[in-house]
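In numbering that gives the first Met the number 0, the protein residues as written are 0 to 120.
Worksheet for the structure shown next.
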Amino acid sequence: MYCGEECRQKSWNLWHQFECPVAPKLRNFSNFNLLSTPRQFFYDLFLFDDNLAELKRFCEVNEGAELNRFELDYSNLDRRELFRILHNTEARRDPIGELNGYLEEKLISYGYFLVFQANPL
Numbered sequence: 000m001y002c003g004e005e006c007r008q009k010s011w012n013l014w015h016q017f018e019c020p021v022a023p024k025l026r027n028f029s030n031f032n033l034l035s036t037p038r039q040f041f042y043d044l045f046l047f048d049d050n051l052a053e054l055k056r057f058c059e060v061n062e063g064a065e066l067n068r069f070e071l072d073y074s075n076l077d078r079r080e081l082f083r084i085l086h087n088t089e090a091r092r093d094p095i096g097e098l099n100g101y102l103e104e105k106l107i108s109y110g111y112f113l114v115f116q117a118n119p120l
């Protein structure tokens, strides 16, 4: 449900055009909340005008940037700056479940790769 046609079209342009053809297949081997990963990737790619090389360069240049998240002026951040903050956020570590999580992530990533290879966009 959308507030209007403009929001519906924006959503289509950002991720639904990519997500809809493959989402049912992705749901076959991963839980529903993991579908946010490809959605986030497509949104991030949109921020860089669908230029994967530019997205990669931005990530490499900003890798490990020292950010004090409590001192940023969030009221004036553009979408790329928000991406930079998200890209440099460290995940909470769980040493006990880390190996299982790593193996599960690799398996799901490989499954996503196969689905997207079989269903080119």
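Each residue gets a CB set at the ideal place from its N, CA and C atoms; glycine is no exception.
In the three-state DSSP reduction, Y1 falls in the coil class, being neither helix nor strand. E18 sits in a helix when the DSSP states are folded into three classes. The beta carbon of H86 lies closer than 7 Å to those of C58, N61 in the same chain, with the five residues before and after it left out.
The count of Cβ pairs closer than 8 Å, one atom from the stretch 63-75 and one from the stretch 20-29, stays below three, leaving the stretches out of contact. Taking C-beta separations shorter than 7 Å and ignoring five residues to either side along the sequence, the partners of D43 in its chain run L54, F82, following chain order. Ranking R79, V114, E18, A117 by CA distance to the CA of L46 puts R79 first. Rounded to the nearest whole angstrom, the CA to CA distance from L113 to P20 is 14 Å.
By the CB criterion at 8 Å, L13 and F41 fall inside the cutoff. One Cα belongs to D77, the other to A117, and the distance between them is close to 35 Å. Membership of E53 in the alpha helix (DSSP H) is indicated by the continuous run 51-61. The closest CA to that of R38, considering only A64, A52, W11, is found on W11.
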